[in-house]
Structures are given as C-alpha cells and as structure tokens.
Amino acid sequence: MEYIPVLVLVISFLFLLGIGTPVAWSIAISALLTMLVSISPLAAFTTVSQRMGTGLDSFALLAIPFFVLSGQLMNKGGIAHRLIAFAKTLVGSLPGGLALINVIGAMLMGAIAGSAMASASAMGSILGPEMEKEGYSKEFGAAVNITSATTGLIIPPSNVLIVYSLASGGVSIAALFLAGYIPGILTGLFLMLVAMFWAKKKKYKLGERSKFKDVVKTFVDAVPSLFLLVVVIGGIVSGIFTATEASAIAVLYTLVLGFVYKEITMQSLPQILLESSATTAIVMLLIGASMSMSWVMSYENIPQSISSVLLGISENEIIILLIINLLLLFVGIFMDMTPAVLIFTPIFLPVVTELGMNPIHFGIIMVLNLCIGLCTPPVGSVLFVGVGVANTTIEKVIKPLLPLFLAMVLALFLVTYFPELSLWLPRVFGLID
1 MEYIPVLVLV ISFLFLLGIG TPVAWSIAIS ALLTMLVSIS PLAAFTTVSQ
51 RMGTGLDSFA LLAIPFFVLS GQLMNKGGIA HRLIAFAKTL VGSLPGGLAL
101 INVIGAMLMG AIAGSAMASA SAMGSILGPE MEKEGYSKEF GAAVNITSAT
151 TGLIIPPSNV LIVYSLASGG VSIAALFLAG YIPGILTGLF LMLVAMFWAK
201 KKKYKLGERS KFKDVVKTFV DAVPSLFLLV VVIGGIVSGI FTATEASAIA
251 VLYTLVLGFV YKEITMQSLP QILLESSATT AIVMLLIGAS MSMSWVMSYE
301 NIPQSISSVL LGISENEIII LLIINLLLLF VGIFMDMTPA VLIFTPIFLP
351 VVTELGMNPI HFGIIMVLNL CIGLCTPPVG SVLFVGVGVA NTTIEKVIKP
401 LLPLFLAMVL ALFLVTYFPE LSLWLPRVFG LID
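Those letters in the sequence shown? Residues 1 to 433, per our numbering, in order.
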C-alpha cells in the first residue's frame, strides 16, 4: 500500500469537515483528490463521477425514498398520537411514566416509520410539553427522546439496514430486518430502566393507572397503524414481495390511513412530498459520494491493509470486536450513519468473516454502534433535532444523556458478544442456517 494516497484521503477529508463543508461534499472531494494523486485528472474526474452514478444504480435503494415518504406520511397522519396514547395506557402509571411512553412510542414509531429524525421530532413535540407540565426537566425529556429515537434504526423497516445490505454485497434484507428486533427492543428496555431509576431519584410525579377499557380502546385505535408491521415485515419474510415493493405498499397504506384519520388532506400532500424529496436527495447524495470513496479505498487496497493490521494485532475474536467497536464509536462521532456504513463495511466485514462471524450479526453491531454516534456532538443529527424540539441546549442535555448513553453501550456489548440475540429470529424463520 502506498501511503501518499491514504494521507491525502484522510487529511483532506478531516480538513474539509473541519472548515464546515457538508459531509457528502467532503467525502466526494477527498475521494477525487485521492484519485488525482494516482491517475490523470481527466480519468480521476470521470471515475469519481461514474462511481457516484453507478453507486445509486440499485433496485434495493428504491426502498429508501418510499420508506422516507411513508415516514413523513405517518408523522403528519396522526399515527404518532395514536401510538403515544396506546403506550400511555401501558406504562403511564410507572415511575418515569411519560419517559417510558416516549421510549415505547419511539420503538413503535421506528417499527413503522424507520426514521430516527421523524421519531425524535414527533415524540419531542407531542410529549415534551406534557413532560414539562408534569414536572419533568426539559433536559431529561430531551435526553430520553434523543436516545429512544435511534431504536427505530435497528427495529425494521430500517433504511440503514438496506444500505448495509448493499455495502456487504447482498446480505438478505429480510434476515437483517428480523435480526434487528431483539437488539432494538433490548436497547429500548435498557433505556426504560435508566429512565425509571432517574425518575425515582428525582421524585417525578406518577401518572394514574389506566382502566382496562382504556387500554383496549387505545389499542383498537392503534391497530390500523400497527397492522403495517404485519403487512411490510410479514410480506418480506414470507417472500410475497421484496423490501422495495414493501416500501411502496407502506406508502400506499399510510396515505390511505392518513386520509381515513382526516389528518392528511389534498392541500397538505404537496408539502409532504417536497419534504420527503429533500430528505431523499440528501440521503442519495451521501450514498453516491460514499460509494465513490469506498471504491477509491478499494482501489488503493486500504481495506486489505487494515484487515492485515487488525488480524496482526490478535486473532482473538473478543479483542478484534472490541477494537472494531471502539473504532466505530469514534467514527460515529464525526460521520453520519449512511456514509459510515458504506465506507467501513468493506473494511471491517472481511476481518470479521475471517473470524467466522455471520455478516448479519455484524450488520446489527455496526448499525447499533453508529446509532450511538447520532446522540453525540458534533455531527449527531438526532441530538440536534431533539435539542431543537425541546428548545434547550446540548450543554444542558449532556448530564441526563450520559446514563442513557451508557445503557446503549451496554446493549451494544451484549449484542456483540451474544450472537443469538441477532441471529435467533432469522434462524427460526429459516433465513439462515
């Protein structure tokens, strides 16, 4: 491996990020500068632009704009209100009841919408004022909202798991989706335990116990929303349709549901489509730029070199996974999830497969790892959304955020070293041996 292209890649990327260049452009420009060191200018420009274009030429990626649109339709279509009402009847009377409602609501919202940003925005705007009214601190409410919103990226349907499938060379999306359930629920449970402990310590007010008829009523109201899980995940796992086809069905289903609930009108639809298009454009630009950088790294033999270094340090799976986890936690602080998955999957996946790890298990580890990065400055997008919705500051949120952050790290540790947490469900459904 020549070191000059590697230095150009790393230094230019960090420099561009440091001066405030958007992540997608930082990735594309640093990839281009690296190619300029190795080949002629015309060939470098042609190669990078071609790789950005061909990186998006994938049927599986069509699922992303559809799931983004279905997430927007759910956010605007009254689904979040119904999920919160259902969660409130289940755990509203427990210590930290409103915080627990936030976590369960975010998990349900994630299981339907698959968007951490949509979840943080919806849960924060609905539950934030109510938590303040009940005596909860604004910062604690924001911290719970920020961390719980990320569970939607593990619990399917998840756009990031689709991206990982692409980056890993075609790992089964259905298997990845099933593999995300237990780790996502486990993370949510840990967050709930921390929230209950914090609420008891701060002596926050307990809510009233719900009557059985109220539980039934809110459940019936939420059933049409929850049924989307059966349609989407059931259809994918049973092989009735692909993830891309399922995403299109999710759009149609949520659109009809929004009209039935009378929360979406023909007048509001253009704005929803515009917001979805803007989000999709950002994601696709990130994917295209990341695919170009991934190809450049492969051209320079960087993944193979890193694999050799890691395996040279130790052949002990526990040690290698610890190093990879620490590296990914560090990467997540400075890089958004989508480019991180596309760039680092080709680097680390050969290492773990050499050690005998299942690629599905590693995919869940990687995504859960990078979810933690979404809650940390300076690039934590969910952190900024949660803080903005709560109308507070990052500095004030850090203290209540730390124990929740540690709960996520504990969940990551268990998922890393107990593979069956990820692989049991795919195995039950016969998607892996």
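Quick reminder that beta carbons are idealized off the backbone N, C-alpha and C, glycines included. None of the values given here were measured: they were computed from a predicted structure.
Item, Value
"Supposed contact pair M109 and A80 - C-beta distance, whole angstroms, cut 8 Å", "6 Å"
"Within 8 Å, strictly: CB atoms of V331 and S70", "no"
"Three-pair Cβ contact test at 8 Å for the region 160-172 versus the region 126-136", "no"
"Touching by the beta-carbon criterion (3+ pairs, under 8 Å), the region 397-410 and the region 344-360", "no"
"Where Q267 falls, given that 16 or more other Cβ within 10 Å makes a residue buried", "exposed"
"Spatial neighbours of V68 in its chain, beta-carbon cut-off 8 Å, leaving aside the 5 residues before and after", "S115, N159, S276, T279, T280, V283"
"Runs of beta strand (DSSP E) wholly within the region 102-135 (minimum 3 residues, chain order)", "none"
"Straight-line gap, L33 to L9 (C-alpha atoms, nearest Å)", "7 Å"
"M293 (DSSP reduced to helix, strand or coil)", "helix"
"Pairwise C-alpha distance: P426 and S137", "41 Å"
"Proximal residues to V215 (C-beta, below 6 Å), its chain only, five neighbours per side dropped", "T89"
"For S298 and T242, the rounded distance between their alpha carbons", "29 Å"
"Own chain, CB closer than 7 Å to M117, minus 5 neighbours either side, in chain order", "S381, V382, V385"
"S225 to I302 span [Cα, whole Å]", "45 Å"
"Neighbourhood of E300 by C-beta distance below 6 Å, restricted to the same chain and skipping five residues each side", "P5"
"K76 vs I272 beta-carbon contact at 8 Å", "yes"
"A24 versus I372, F259, R82, S294, residue with shortest Cα-Cα distance", "S294"
"Buried or exposed (CB count within 10 angstroms, at least 16 for buried), V220", "exposed"
"Residue range of the alpha helix (DSSP H) that includes C375", "No alpha helix (DSSP H) holds C375; DSSP gives it neither H nor E."
"4-residue-minimum alpha helix (DSSP H) runs that sit fully inside the region 209-275, ordered along the chain", "212-237, 243-260"
"Proximal residues to L161 (C-beta, below 6 Å), its chain only, five neighbours per side dropped", "L176"
"Buried or exposed by the 16-neighbour rule on C-beta atoms within 10 Å, applied to A43", "exposed"
"Extent of the continuous alpha helix (DSSP H) run through G170", "That residue, G170, is in no alpha helix (DSSP H); it is neither H nor E in DSSP."
"Assigned secondary structure, N316 (DSSP; H/G/I helix, E/B strand, else coil)", "coil"
"Inter-residue spacing [alpha-carbon to alpha-carbon] between K399 and R51", "43 Å"
"Distance, T376 Cα to T393 Cα", "13 Å"
"Beta-carbon contacts of V48 that lie in its chain and below 8 Å, excluding the five residues immediately before and after", "A28, A31, L32, M35, S292, V296"
"Residue closest to L310, alpha-carbon to alpha-carbon, out of A340, S125, L355", "L355"
"Cα-Cα separation between A222 and L83, rounded to whole angstroms", "6 Å"
"Of the listed residues N316, L14, F86, L414, nearest to R209 (C-alpha basis)", "F86"
"As assigned by DSSP and simplified to three states, the class of T392", "coil"
"Exposure label - V428; buried when at least 16 CB within 10 Å", "exposed"
"Start-end ranges of the beta strand (DSSP E) lying completely within the region 31-88, minimum 3 residues", "none"
"Three-way DSSP call (helix, strand, coil) for M337 in this model", "helix"
"Close beta carbons around G188, own chain, < 6 Å, minus the five adjacent residues each side", "V103, M107, T151"
"V415 versus P339, L374, M366, F197, residue with shortest Cα-Cα distance", "M366"
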